[in-house]
Structure formats: structure tokens, C-alpha cells
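For reference, the structure discussed in these notes is given below.
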Amino acid sequence: MKIPACRLADLPRGEAFRLDIDPPVSVFHTDDGELFAIDDTCTHQDASLADGWLEGCEVECPLHASKFDLRTGAVDAPPAKLPVRTHEVVVEDGMIHVRVSTDAPNLPPCVASRLAGGTA
Amino acid sequence: MVGASLAGLSAARSLRKQGYDGRLVVIGDELHRPYDRPPLSKEFLAGTLGEADLALEAQDEDLGAQWLLGTRATGLDRADRAVRLADGREVRVDGLVIATGAAARRLPGSDGLAGVHVLRTLDDARALRDELARGGRLVVIGGGFIGAEVASTAYALGLDVTVVEVAPTPLAGPLGATMGGIVSGLHADHGVRLLCGVGVKGLSGERCVDAVLLEDGRSIPADIVVVGVGARPCVEWLEGSGVELDNGVKCGADGRTALAGVVAVGDCANWYDPRAGAHRRVEHWTGARERPDAAVATLLAGGAVVPGVPRPPYFWSDQYGVRIQFAGHAAGADSVSVEEGAVDDRNVLAVYRRAGDPVAVLGMNQPRLFTRWRKQLAASTS
């Protein structure tokens, strides 16, 4: 499934764009000009990685300092313990698209139970 | 490694990451494997997170360490370079990381009275969670972060909650009086009583607590009391060891202590802060997570590395559904201004300045802007 996100010209380096699908996905434009897409929700708690601290090819969760590698989705250290999914990014005619992974996402307990219809 | 919580675990990880492949012994006075403490006053207390969720180690993580848990360190013998344990054993060491943390302060005379709690450990949290589940009237002594988070959790569980704070404004130390007043306004927003500027004289009750007695003569009925009046560094075991003690273990800007081959990290460590030009004992999760890297580099290099400037201290709190984040030092500020949002909406980004330069930032439900300011603060003061 390929979903349009935003125009490349509208996403400066060092910034992120959150795609409000379920679960949300964020596209990061690194300072070196590379584009990466990962699940937006930290695997530890309900926090948006698009709000996080982007440095090189890593984004640090805005809340609790776990860092995710944008290339692999791997997490460096707790409190988050599971990786985020990575998604393929395609730019066509100046438009950024995300090809959403078909793997199961690693959502934090509160979000996972909400999506499952339970109470958070 | 003496201490098996976040700072000790982070130091063990740093040692392996930085190439140390020798014997590694982790000594901890609690029986539990390393666990995450912040949820103890929030999700764990509310029952939305279980004990397995608190584990700090990944499932397949193996640091190749020997874990001596449920064993308290009672002394450090400098001549023998050995850590003495409460069970009589001794562990000889070539290098030592002190990460013994801090212990909750208690109310004098409250021992043995049922219904009176502190909150620091998993065992504390289990006991309090079970009691909160029965409902009733809760009095929280201390309007700091632990007290406020417990009040917020208990309010959500449906308890009748009163917070008693001896200072005129809660959180004035970490946040300054202005923002301390705004953040602690969250209690009143939710109908939780906040009594400020009044001390606690004592507790009443035979076997169980039944009231909190205030200095002004009032008596506040209580079924459960939580004492949240701060923590003291656990460093008694180091007295006479040659490690210099001054509000915890006195450390350089890289965690080094007065003894060669000994570093200290986490809540027990009073690090020199080059930004502030003073020693500061930082009791934040983030410090316990980040600083061991520098301390371990110092330990492995025999003190030959030049310490970098750490990022400004950062902490967070979740109260009444509001996400509170703070970075920097409020103490040095001469002004604080709201840059975004409105205080009445509890949706605010406030910047603290000293002589016009930003020295700290506070966010309430402003994670994106907060991260920007936090980065800027780190860049401008490094």
C-alpha cells in the first residue's frame, strides 16, 4: 500500500512529517538529506517520534530517551525494548510516498489495548 | 558495580559497549532484576502496567555479569580494594562503580503504623497499589513530583485525595515559584485539595493511621497516607572508605571520586556541573541513564579522558493526563515567560532566562516545541 505523505519541498532537513494513518507513520528528512519512514509511536509509551530529537540517522523519543535507528528501526536502550517498523519511502514528482510495511507493529501496551478495543 | 537499578545497569552496559570483557559483578540490595521506577507512581500504581512491563533488560540481553541480588553492601575496604557485603562475603575489585541510589525519607514516628507508605521500590508500589484498590481517603504528605503523581493516580482511581505541602508553593525548587504554582494548580483543577504552607505535626491512629495532624491544629482524616518528602543518598556504607561524601558521593564532571578506580553515578552521585560551576546531585532518570557512559569511560581510561559537557538535566512527569517536561536549571533564572499556549489551558511552553539567555524550559502538553527548546538549550550552553 503506497500512501502519499507530503511534498518534498514542504519537508525541510531536520524535520519530520507525521502521516495520520492507523497506526501513524512518520517521515524524517535528515540533515544529510536522506528520507526515512518509521512507525511514529514509541514502542515504550504513547509518544510521537515525529516530536523527537533527530540527530544523524537516529531519533530520540521526546519523552524517555530511547533512540531509534531510522535505517533499521532498532532501539538502542530501554525503556523501549522493541524496534519500530521501517517503511519504504518513494519520491515521485516531488511527492513523498510511504509504502507501509505489512509486518505487525510493536505498539506500546496502552496503545495496543486501545486499538484492540479495550480500555487504555 | 554496587547498585542494580537504572544507573548500575547502564554502567554495566557501558562497560561492555566500551570493550571491557573482564569479570563483572553487579551487587543489588533488592531481590529484583533491574526495573523501571517512573511507572511505579503512575501506570503501575494504576494497574495498567504489570511487573513484567517494568523490566529494564531486554529478553535476550546478556551482559555476562554475575548478579548478587538481595545483598546489601556494607563497606568499602580501600586497602584490600574489597566491597563488604551484609552476609559477610567480600568482593575484591579492580574498579568500582557506585550506584546505590537514594532512599525515601520517612516521617519520624510513623514506623509500625498500618496505612502509611513511602514510594521508592517495587515492593513499596505493590503495597500501596493493593491498598489504593480498596479506596478511601488518601492524604499525601509532600507536593513534589512523587506526591503529585500519586495524588493524580489515586484521584483517577476514585479516591478522596488531599495533598499537604509545607512550602508556600509546591515544586518551587525544581520549577521556580511561578511555574510551580501553575503545575500544582492541576490538583485544584480536579478537585484534589492542596494545603500549602503548613507542616505536619504527626499522625494519629492506634494500629492503623486515621488522621494526619497539622502544625496549625487541623486534623485531616485519612485511611491511607503517602509520605513523599524526598530522598536521601544511600552512601552510609562508604563512610571511612576514603570516598569523599558531601550530599552523596562528591564527584568530578565525569563521575570520578576521590579514590582512583572508583566512580559514582545516579541518584547517590553529586557531580560537578561545569555549566553551573557547582556540584549538583541530580535525581533524574535521564541522568542515571546517560551519565554512566562518561563515568565508565573515565574508569576504563584511568581518568585520562577529558569529560564532555553533559546535556542539561531533563525530567518528565505525568499528572492528571498532562505531560510535564522540564530541562535545565530553574534556580539560575531571573525571568520566566510563556512562549506558547496559555497557562489556564495547562498547555504551555515556558522559557526560563538569565540575563536574557535561556537556561531552562518547561512544557505542559507541548512535546514537539519542548524538544526544540531542549535541543537549543543543549547547543547554546555546551
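As they're listed, the protein sequences go chains A and B.
If you use the numbering used here, the first sequence corresponds to residues -6 to 113, in order.
If you use the numbering used here, the second sequence corresponds to residues 52 to 433, in order.
Virtual Cβ for every residue (Gly too), placed ideally from N, Cα, C.
Since the structure is predicted, the reported quantities are computational estimates derived from the model, not experimental observations.
So does B/V357 have its beta carbon nearer than 7 Å to some heavy atom of the ligand PLP?
Absent from the structure shown: the ligand PLP. Ligands present: none.
Name the DSSP beta bridge partners of B/I149, please?
B/V53, B/A315
Where B/V356 and B/D305 are concerned, what is the direct C-alpha to C-alpha distance, given to the nearest angstrom?
9 Å
According to the Cβ coordinates, are B/G193 and B/L210 closer than 8 Å?
no
Curious, which full-length alpha helix (DSSP H) runs of at least 4 residues does the segment 140 to 187 of chain B contain?
173 to 183
Return the first residue and the last residue of the alpha helix (DSSP H) that B/T349 is part of.
In this chain, the alpha helix (DSSP H) harbouring B/T349 covers 336 to 351.
The alpha helix (DSSP H) spanning B/H238 covers which residue range?
223 to 240 is the span of the alpha helix (DSSP H), which, as asked, contains B/H238.
Could you check the C-alpha separation between B/R123 and B/E334 for me, to the nearest Å?
When rounded, the distance between both Cα atoms is 21 Å.
Where A/L41 meets chain B, residues with beta-carbon distance less than 8 Å:
Looking at the sequence itself, residue 41 of chain A is Ser, so the reference to Leu does not match. For A/S41, the neighbours in chain B by C-beta distance under 8 Å run, in chain order, P418, R419.
With 7 Å as the limit, tell me which residues of the segment 103 to 116 of chain B have their beta carbon closer than that to any beta carbon of chain A; keep them in chain order.
Here the close residues are D104, L107, A109.
8 Å Cβ cutoff, A/G66 in contact with chain B
no
In the structure shown, what three-state DSSP assignment does B/S65 receive?
helix
Using a Cβ-Cβ cut-off of less than 9 Å, list which residues of the segment 327 to 339 of chain B approach chain A; keep chain order.
Going along the segment 327 to 339 of chain B in chain order, one finds W336, T337 with a Cβ nearer than 9 Å to chain A.
For B/A348, I'd like the list of residues in its chain whose CB is within less than 7 Å of its CB, leaving aside the five on either flank, ordered along the chain.
Residues of the same chain with a CB within less than 7 Å of the CB of B/A348, apart from the 5 flanking positions on each side, are Q69, V356 in chain order.
Secondary structure of A/L47, DSSP reduced to three states:
The three-state reading of DSSP puts A/L47 in strand, counting E and B together.
Since B/S368 is in the beta strand (DSSP E), which residue starts that stretch and which ends it?
365 to 370
Proximity test, Cβ basis, 8 Å: A/K74 and chain E:
Absent here is chain E; the protein component of the structure consists of chains A and B.
Relative to the C-alpha of B/P325, which residue among B/P85, B/G126, B/A309, B/C302 is closest?
B/C302
Delimiting residues of the beta strand (DSSP E) encompassing A/E81
A/E81 -> beta strand (DSSP E) spans 79 to 85.
Under the three-state DSSP convention, the category B/Y71 falls into:
coil
Would you list, in chain order, the members of the segment 360 to 391 of chain B that have their beta-carbon closer than 7 Å to a beta-carbon of chain A?
W367
For B/L147 and B/V313, believed in contact at Cβ under 8 Å, the rounded distance:
5 Å
Using the Cα positions of A/K(-5) and A/A2, report the straight-line distance between them to the nearest angstrom.
Distance between the alpha carbons of A/K(-5) and A/A2: 19 Å.
Is it true that the CB of A/Q38 sits closer than 8 Å to the CB of A/L56?
yes
Per-residue burial, B/V360 [other beta carbons within 10 Å of its own, 16 or more giving buried]:
exposed
Taking 8 Å as the CB-CB cut-off, is B/L310 touching chain A?
no
DSSP three-state assignment for A/L4, whether helix, strand or coil:
coil
Alpha carbon to alpha carbon, how far is A/L12 from B/T422?
Their Cα atoms are separated by approximately 20 Å.
Taking 8 Å as the threshold (C-beta atoms), are B/L91 and B/A218 in contact?
no
For a quick check, are the C-beta atoms of A/V77 and A/G66 less than 8 Å apart?
yes
Beta-carbon spacing of B/A384, B/L428 below 8 Å
no
Where B/L82 falls, given that 16 or more other Cβ within 10 Å makes a residue buried
exposed
Of all Cβ atoms in chain B, is any one closer than 8 Å to the Cβ of A/L56?
yes
So, B/A116 versus B/L75, is the Cβ gap smaller than 8 Å?
A contact, by the Cβ cut-off of 8 Å.
For a quick check, are the C-beta atoms of B/L170 and B/I197 less than 8 Å apart?
yes
As a quick exercise: from B/A401, B/D369, B/A382, pick the residue whose alpha carbon is nearest that of B/A329.
B/A382
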